[in-house]
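Protein chains in written order, with the numbering used here: chain A, 1 to 377; chain B, 378 to 453.
All C-beta atoms, glycine included, are put in the ideal place defined by N, C-alpha and C.
Note that the coordinates shown come from a computational prediction; the quantities given were computed from them, not determined experimentally.
Below is one structure, written out as structure tokens, with a few remarks after it.
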Amino acid sequence: MRILVVGGGTAGTIIANNLARRLGPETRAGKVRITMLSATDRHMYQPGLLYVAFGQMAPDQLYRDQASLLEPNIEFHVDPVKQFKLDRNQVVTEAGKTHEYDIMVIATGSRMVPDETPGLSEGAEFFYTEASAVKMYKALREFQGGRVAVAVGVPHKCPIAPVEVMFSLNDFFKARGIRDKVHLKYYYPIGRIHTIENVAKWAKPEFDKIGVEYETLFNIKEVDAKNKILKSEEGTEVNYDMLIVIPQHRGMEVIERDNMGQGGWIPTDRYKLTMNGHENVYVVGDTTNLPVSKTGSAAHFQAEVVAENIASIVKIGAPVRDYDGKVYCFIEAGHEKATYAMFNYLNPPDLKPPSKPMHWFKLSYNQMYWTSVRGLL
Amino acid sequence: MSVTKTIDARDTFCPGPLMELISYMKHATVGDVVELLSTDSGSANDIPEWVKKVGHEMVGTEQVEGVWHLKVRKAK
């Protein structure tokens with residue numbers, strides 16, 4: 001049995017390690033081979049980028065060598081897929097190698113695409129890559145006061161980030177002693193301030209308390225970077241002194257190039273996590289087209305289901321679990337407090353009041369993540 | 378009127394039906410009709426509200442066995 005994992009992010013790494021541990025005897029006997037193809041030899045803890053943007057973590061704290069995270073019975077190649085040949089159960093890599101599989105996991109993730117919005121790259125700060133997070137920190141450090149606009153592209157990963165960044169901005173400018181010189185305003189695509197109704201109900205009075213204003217039904221159309229004007233699809237315009245944007249995302253180019261899914265999102269069965277029409281291809285994390293948050297948390301819970309099911313297929317010839325839509329997101333709420341949102345397909349989150357222990361738990365998780373991707377937590 | 382695309386946004390709390398619609402409309406062609414399936418009781422109000430504000434067109438709203446079927450034509 002040849003198991004091919006394409007992508008070395010959160011989901012791919014958890015699946016490969018989980019499988020390597022569950023199928024240790026089978027790999028040692030040569031009955032199962034686990035291969036991972038990744039675009040990079042480094043693994044980034046992406047939620048740490050928010051902390052980098054506020055000078056609370058250094059970029060090098062976000063990385064580990066990918067090979068050091070993997071079980072020894074995983075064959076690892078830094079050689080991303082250039083072409084999927086689903087009808088032949090093959091992929092061709094950038095280096096020109098062909099890998100055949102019996103079961104494939106596609107976990108290639110997503111990328112921000114600010115260049116798809118006119119003026120956005122020139123006019124806005126971001127924190128979804130290392131370089132942009134460092135640049136945003138420097139801009140925040142230099143900022144002397146004025147109008148800070150925070151706007152949100154669709155779709156985006158980490159749906160809690162827009163709310164968290166407002167609390168972080170409030171704390172940051174208070175610590176710098178210039179909060180009274182900064183006007184914070186939040187622009188959100190739908191008709192309330194967060195897509196999860198219970199998060200919106202919780203965040204609204206919190207925003208009111210710290211003086212964050214908000215406008216809803218605001219979708220970014222374009223940015224006039226020269227004159228510092230943000231324009232919405234709905235016809236409104238905003239003048240700003242600093243613009244921070246949660247950018248629109250897409251899946252990876254190879255997915256679109258091979259016509260596997262519009263926007264780079266692969267049509268996926270919401271319970272089995274198999275690619276529609278391809279029972280031996282699993283899709284996890286940001287790569288799916290599922291109506292599920294694009295977060296490391298969703299990727300983690302999906303990965304556990306997929307790994308258990310693939311191991312079961314090897315051992316008994318059938319999968320054993322369905323994915324129930326589970327997501328658990330920490331929410332940094334400012335003032336060194338945090339809460340969380342846990343939900344699945346059928347049960348909405350029930351938010352608890354933010355607390356310091358939950359914030360400490362999040363800070364601890366920033367380190368515990370490395371245990372998590374090893375498939376141990 | 379033929380539906381170009383159906384978006385199954387039933388039983389989802391995040392990103393939610395309206396986010397799914399907004400996301401799809403970015404890549405749709407003017408004239409396309411999308412049918413959004415939603416079990417969110419708020420969809421019958423918040424989808425038409427956004428569609429009107431942004432300038433697209435609602436071409437159908439009905440609830441069948443607890444599922445909202447909301448049809449929207451991309452107008453610009």
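Can you grab the Cα-Cα spacing for the pair residue i / residue j, in whole Å?
| i | j | result |
| --- | --- | --- |
| Met166 (chain A) | Ile196 (chain A) | 17 Å |
| Leu230 (chain A) | Ile34 (chain A) | 48 Å |
| Lys221 (chain A) | Pro189 (chain A) | 11 Å |
| Leu447 (chain B) | Thr389 (chain B) | 16 Å |
| Asp41 (chain A) | Asn73 (chain A) | 17 Å |
| Thr129 (chain A) | Glu26 (chain A) | 39 Å |
| His149 (chain A) | Lys185 (chain A) | Note that residue 149 (chain A) corresponds to Ala in the displayed sequence, not to His. Cα-Cα distance, rounded: 5 Å. |
| Gly109 (chain A) | Glu253 (chain A) | 11 Å |
| Gln83 (chain A) | Val32 (chain A) | 24 Å |
| Val380 (chain B) | Glu412 (chain B) | 6 Å |
| Thr98 (chain A) | Lys356 (chain A) | 51 Å |
| Arg176 (chain A) | Val199 (chain A) | 28 Å |
| Glu308 (chain A) | Ala318 (chain A) | 10 Å |
| Val212 (chain A) | Asn280 (chain A) | 48 Å |
| Trp202 (chain A) | Ile160 (chain A) | 13 Å |
| Tyr63 (chain A) | Gly285 (chain A) | 19 Å |
| Asp269 (chain A) | Gly296 (chain A) | 19 Å |
| Pro425 (chain B) | Pro349 (chain A) | 25 Å |
| Ala421 (chain B) | Asn219 (chain A) | 20 Å |
| Ala452 (chain B) | Thr406 (chain B) | 9 Å |
| Thr438 (chain B) | Asn17 (chain A) | 47 Å |
| Gln61 (chain A) | Gly55 (chain A) | 12 Å |
| Gly318 (chain B) | Asp65 (chain A) | Residue 318 (chain B) lies beyond the range of chain B shown here (378 to 453); nothing can be said about it. |
| Trp445 (chain B) | Ala20 (chain A) | 44 Å |
| Asn239 (chain A) | Asn170 (chain A) | 20 Å |
When we look at the beta-carbon of residue i and count the other beta-carbons within 10 Å, is it buried (16 or more) or exposed?
| i | result |
| --- | --- |
| Trp360 (chain A) | exposed |
| Ala124 (chain A) | buried |
| Asp417 (chain B) | buried |
| Lys429 (chain B) | exposed |
| Ile316 (chain A) | exposed |
| Pro449 (chain B) | The identity of residue 449 (chain B) in the sequence shown is Val, whereas the question assumes Pro. Flag for Val449 (chain B) reads buried. |
| Glu164 (chain A) | buried |
| Arg22 (chain A) | buried |
| Pro80 (chain A) | buried |
| Met435 (chain B) | exposed |
| His249 (chain A) | buried |
| Ala298 (chain A) | buried |
| Ala131 (chain A) | exposed |
| His404 (chain B) | exposed |
| Gly96 (chain A) | exposed |
| Gly408 (chain B) | exposed |
| Thr371 (chain A) | exposed |
| Ser232 (chain A) | buried |
| Gln144 (chain A) | exposed |
| Leu217 (chain A) | buried |
| Arg257 (chain A) | exposed |
| Val441 (chain B) | exposed |
Please decide whether residue i counts as near chain C, where near means a Cβ-Cβ distance under 9 Å.
| i | result |
| --- | --- |
| Asp385 (chain B) | Chain labels in this structure do not include chain C; the protein chains are A and B. |
Q: Examine the Cβ distances between the region 290-304 of chain A and the region 11-22 of chain A and report whether three or more of them are shorter than 8 Å.
A: yes
Q. What are the start and end residues of each continuous alpha helix (DSSP H) run of 4 or more residues lying completely inside the region 396-441 of chain B, in chain order?
A. 420-431
Q) For the region 23-37 of chain A against the region 115-131 of chain A, are there 3 or more C-beta pairs whose distance is under 8 Å? A) no
Q.
So, does the region 40-49 of chain A touch the region 356-374 of chain A, judging by three or more C-beta pairs under 8 Å?
A. yes
Q. Curious, which full-length alpha helix (DSSP H) runs of at least 4 residues does the region 111-150 of chain A contain?
A. 120-123 and 130-142
Q. Are there three or more Cβ pairs, one per stretch, closer than 8 Å when the region 173-188 of chain A is compared with the region 125-136 of chain A?
A. no
Q.
Taking contact to mean 3 or more Cβ pairs, one atom from each stretch, closer than 8 Å, check whether the region 99-111 of chain A and the region 201-209 of chain A are in contact.
A. no
Q: Say whether the region 289-299 of chain A touches the region 379-393 of chain B, bearing in mind that this needs 3 or more beta-carbon pairs closer than 8 Å, one atom from each stretch.
A: yes
(Q) So if I threshold CB-CB distances at 7 Å, which residues from the region 417-436 of chain B count as touching chain A? (A) Asp423, Glu426, Trp427, Lys430 and Val431
Q. Are the region 241-250 of chain A and the region 74-81 of chain A touching, with three or more C-beta to C-beta distances below 8 Å?
A. No, because fewer than three Cβ pairs between the region 241-250 of chain A and the region 74-81 of chain A fall closer than 8 Å, the two stretches do not touch.
Q) What are the start and end residues of each continuous beta strand (DSSP E) run of 3 or more residues lying completely inside the region 159-234 of chain A, in chain order? A) 182-187, 212-215, 220-224 and 229-232
Q) If contact means a Cβ-Cβ distance below 7 Å, which residues of the region 193-208 of chain A contact chain B? A) Taking 7 Å as the upper bound on Cβ-Cβ separation, chain B lies near residues Thr195 and Ile196 of the region 193-208 of chain A.
(Q) Check whether the region 318-326 of chain A and the region 337-349 of chain A are in contact - that is, three or more C-beta pairs closer than 8 Å. (A) yes
Q. Given a limit of 7 Å on CB to CB distance, which residues of the region 214-246 of chain A reach chain B?
A. Leu217, Asn219, Glu233 and Glu234
Q. Taking any Cβ of chain A, which residues in the region 388-402 of chain B have a Cβ under 7 Å from it, in chain order?
A. Asp388, Thr389, Phe390, Cys391, Pro392, Gly393, Leu395, Met396, Glu397, Ile399 and Ser400
Q | Length-filtered (4 minimum) alpha helix (DSSP H) runs lying within the region 224-290 of chain A | A | The DSSP assignment places 253-257 as complete runs of the alpha helix (DSSP H) inside the region 224-290 of chain A, in order along the chain (cut-off: 4 residues).
Q) What are the start and end residues of each continuous beta strand (DSSP E) run of 3 or more residues lying completely inside the region 43-84 of chain A, in chain order? A) 63-65 and 74-78
Q: Closer than 9 Å, Cβ to Cβ, to anything on chain B: give me those residues from the region 341-373 of chain A, in chain order.
A: Along the region 341-373 of chain A, the positions whose C-beta sits under 9 Å from a C-beta of chain B are Ala341, Phe343, Asn344, Tyr345, Leu346, Asn347, Pro348 and Pro349, read in chain order.
**Q.** At least 3 beta-carbon pairs within less than 8 Å: the region 399-414 of chain B vs the region 140-160 of chain A
**A.** Three or more beta-carbon pairs separated by less than 8 Å link the region 399-414 of chain B to the region 140-160 of chain A, which places the two stretches in contact.
Q: Report the residues of the region 179-194 of chain A with a CB closer than 7 Å to any CB of chain B, ordered along the chain.
A: Pro189, Ile190 and Gly191
Q: Using a Cβ-Cβ cut-off of less than 8 Å, give me the residues of the region 146-157 of chain A that come near chain B, in sequence order.
A: Using a CB distance below 8 Å, the part of the region 146-157 of chain A facing chain B consists of Val154 and Pro155, ordered along the chain.
Q | Continuous beta strand (DSSP E) assignments of at least 3 residues falling wholly in the region 318-350 of chain A | A | 327-334 and 337-343
Q. In the region 436-453 of chain B, which residues sit with their C-beta less than 8 Å from some C-beta in chain A, listed in chain order?
A. none
(Q) Which residues of the region 247-267 of chain A have a Cβ closer than 7 Å to any Cβ of chain B? Give them in chain order. (A) Gln262 and Gly263
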